[in-house]
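A quick write-up on the structure given underneath.
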Amino acid sequence: MKANLLPTTWLIVLLAPLLCSCKSESGSPNDYDSTPLIAWNQKVMEMAMSEDGLLTLKGVRTEAMMHIAINDALNSIESVYTPYVFAESSPEANPLAAVAQSAYEVAANQFPDNTEELKNELNRWLAIIDDGKSKAEGIRIGKASAMEILRMRSEDDFAGEASYEWHPMAPGVYAEFNEHSGTPEGFIFGAGWAKAKPFMLKSQDQFRSPPPPDITSDEYTNAFNEVKAYGKFESDIRSEDQTHLAMWWKDFVENSHNRLARKLVIKENLNLWESARLFALLNMTIYDAYVNVFDNKFHYNHWRPYTAIRWAAHDQNSDTEPDTAWNNLHKHTYAFPSYPSAHGTASTAAMTVLANTLGTGDKYAFTMTTEEVDKAGPFSGKIKMDPPTRSFDSFSTAGLEASMSRVYLGIHFRYDSEEGHQLGAKIGEYASREFIRPVQ
């Protein structure tokens, strides 16, 4: 992947239609396309990937704050959508300058080691705008918007830790499997995510999932037998396509769905204001989906298939048979409770926002690309996907496939995935309905 999305020569070509309006006047929303947003979105995602592999909330949080700052700055120039936190009236400001400055301020604040690279990106965009009052005002409004969201989120505890009390082995209770997760003994991931302050949800537990099924129920037994058979490393009933989708969907939601959004805003010719809204809602939604689903995970503390299948002789369910040597498709289980599926929640939430902000509705044919994924868990090395694409006829279909992929991967029960899908839809609809709405 190239470090710089758009070299200077390409910027000139892509922005040629805009240069006249960028010279000295602010122009109107339809004078500006999504090009600058795409550049900044990809650059920040690359920095986040390089810094921590997206194993923290920092990357998606930075994307959310950056796109909020851009959205609020643009709507201070011309009010098309409601602001998230910052609102002024500055119709003379240059939108391109506002976008570049607001993006730079947030990104440089979060990735200070990359300041020089970010400064070069800022200067590249500002260089195509004639000096003058409009440019200066765009720079001012962009910085002011960025400072406001940074101030607002300065104590959101996104990187906080939370205590976790291990419980004795018992049916349905999450148990440690550090030999399978590749983590130190006593390690658990994500407890702090459940305590982070959401961007939009009123609380971390705003959407409380119903309890998982009882371990002695038919629903549990059916889900147990399904993941045991379909999620097994050398399954003789999992199809080639099911194996492909299980691995293909492993990419982090904030990476894969921002990549998809960058493609679709170009395809649908969204202008700068429309794109700013889409990316702000998308990244806030993914962040809040993680917070809400991890709150649910640690509330229910439900065990993973890896534990359930190997320990089934002790689960008090006479209809489940143990396999003490069972392993899943990618020979790895993530070190946090199972229910609901975080991947299903975040993916469906993101897909719901795309359906509601792209201007297409849910029934929309698209192709999504993922070139490579982790072979097993983090730091296990990458494998190429062949083919690298999957196609869908609706956003909800894609979200459901993402959710169900975890069953075929062998890391979730069906009810984990189904509840993740339903939870994600609730979060996505709430975000689309309540925030950054069209101005009436």
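Going by our numbering, the sequence shown opens with residue 16, and the numbers climb by one from there.
Idealized CB from N, CA, C, for every residue including glycine.
Query	Result
When A122, W181, F407 and A446 are compared against A295, the one with the closest alpha-carbon	A446
7 Å Cβ cutoff met for L216 and D303	yes
Backbone secondary structure at H195 - three-state DSSP	helix
Three-state class that DSSP yields for I156 in the structure shown	helix
Residue span of the alpha helix (DSSP H) that contains V368, given as start and end	A357 to T372
Buried versus exposed call for S178 [16 or more other C-beta atoms within 10 Å across all chains shown]	exposed
Beta-bridge partners of E387, as assigned by DSSP	K399
Contact check, M167 vs V100, beta carbons under 7 Å	yes
Best match in L70, A54 and T375 for proximity to F204 [C-alpha to C-alpha]	L70
Segment limits, alpha helix (DSSP H) that includes T50	T50 to D67
Cβ contact (3+ pairs, closer than 8 Å) linking the region 350-367 and the region 406-416	yes
Same chain only: Cβ atoms within 7 Å of C35, ignoring 5 sequence neighbours per side	With a pLDDT of 38 at C35, under the threshold of 50, the modelled position of this residue cannot be trusted; read the value that follows with caution. Correct list: empty, nothing qualifies.
With 16 other Cβ atoms within 10 Å as the buried cut-off, status of T404	exposed
Whole-Å CB distance - G425 paired with V308, under 8 Å assumed	About 19 Å; that fails the 8 Å criterion.
Inter-stretch contact at 8 Å, needing at least 3 Cβ pairs: the region 236-251 / the region 321-335	yes
Span of the beta strand (DSSP E), counted from its first residue to its last, around L429	What sits at residue 429 in the sequence shown is Arg, not Leu. That residue, R429, is in no beta strand (DSSP E); its alpha helix (DSSP H) goes R429 to E449.
Start and end residues, alpha helix (DSSP H) containing F239	D233 to Y245
Reference L297, options E386, L373, Q257 and T348, closest by Cα	L373
Closest Cα partner of S473 within the set D229, I156 and Y349	Summary: the structure shown does not reach residue 473, with the chain confined to residues 16 through 455, and so no result is reported for it.
Exposed unless 16 or more other CB atoms sit within 10 angstroms - verdict on R452	exposed
Continuous alpha helix (DSSP H) stretch holding R139: start and end	T130 to L141
Nearest candidate by alpha-carbon position, reference T360, set M262, S395, E433 and L141	E433
Per DSSP, the bridge partner or partners of H317	V188
Run of the beta strand (DSSP E) containing S406, from where it starts to where it stops	T404 to F407
Span of the alpha helix (DSSP H), counted from its first residue to its last, around N270	V268 to K282
P227 burial status per 10 Å Cβ neighbour count (16 or more: buried)	buried
CB of V306 within 7 Å of CB of S290, strictly	no
Cα-Cα separation, A209 to G175	10 Å
Rounded separation between E241 and H427 - CA only	10 Å
Cut-off 6 Å between Cβ atoms - residues of its own chain near Q455, not counting five sequence neighbours on either side	none
Strand pairing of T382, partner residues [DSSP]	S406
Selection from G439, N193, P320 and G157 that minimises the alpha carbon distance to S369	One point to set straight first is that residue 369 is Leu, not Ser, in the sequence displayed. Taking only the C-alpha atoms, the option nearest L369 is G439.
Stretch-stretch touch, CB-based, cutoff 8 Å, three pairs: the region 105-121 with the region 150-169	yes
C-beta atoms of S420 and L260 nearer than 7 Å	yes
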